[in-house]
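Read through the structure below, which is laid out as structure tokens, and then see the notes.
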Amino acid sequence: MSAAAGPALPELTLEQFMAQAYAMELEAVERYTEFADMLETANNPEVAALFRTMAGYETKHAEQILAQMGWTQAPPPPPGLLTAPGMEAPEAMPIDEAHYLMRPWHALQLALAAERRAQAFFALLARMATTEPVRKAALELQAEEAEHVALVQAWLAKVPAPDQDWAVDPDPPRYTD
């Protein structure tokens, strides 16, 4: 690997790399599900359903990794391998981005940003890979994330942007001690 290519990943086996990728997909499933649960609680079923759909796509992606690797059960992810302690996976949306009145447009914007981060992350890993199997796997995952970006962009084209006053609640929640 040339110095121009940038730093290299730690020496990874394909199995270690794919175990980390699998763990990242599960984290995305968990986050989409958390968002769906929060929005159902806030009586926003339309956006909750959209997040459940996204969780379903990520679940399928995780299942594809298991099948591709021939794993009957998930291996434990290598600890701290591709993310720093306390950092979330690139595809996980920040939990504080949820708003109980958010519209489908907002949910899709969050999903689009997450999918773009994942695509860029796998592109970076492909450039940093020290072995051909890991580089090839990273490129394949990058391509799959590019498909997810295109899917979310197509959904966004069908969803109207919210009005400027979308967050105005005539009967806001009240908190008492």
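For the sequence shown, the UniProt record's numbering assigns the number 1 to the initial residue and increments by one for each residue that follows.
No residue lacks a Cβ here, since even glycine has one placed at the ideal position from N, Cα and C.
Fair warning: this is a prediction, and the values are worked out from it, not measured in the lab.
Check                                                                               : Outcome
Sub-9 angstroms separation of A48 and L39 beta-carbons                              : yes
Proximity to T41 [Cα-Cα], best of M24, Y100, Q16 and Y22                            : Y100
Nearest candidate by alpha-carbon position, reference A154, set D169, M128 and L112 : L112
First and last residue of the uninterrupted alpha helix (DSSP H) at H106            : P104 to M128
Sub-9 angstroms separation of R117 and P162 beta-carbons                            : no
CA-to-CA distance, E145 to A123, given in whole angstroms                           : 10 angstroms
Spatial distance of Q73 from M128 (CA atoms)                                        : 28 angstroms
Cβ neighbour criterion (16 or more within 10 Å) applied to A114                     : buried
Inter-residue Cα distance where the pair is E30 and L141                            : 19 angstroms
Buried or exposed (CB count within 10 angstroms, at least 16 for buried), V134      : buried
C-alpha gap between A36 and H148, whole angstroms                                   : 19 angstroms
Assigned secondary structure, H61 (DSSP; H/G/I helix, E/B strand, else coil)        : helix
Buried or exposed (CB count within 10 angstroms, at least 16 for buried), N43       : exposed
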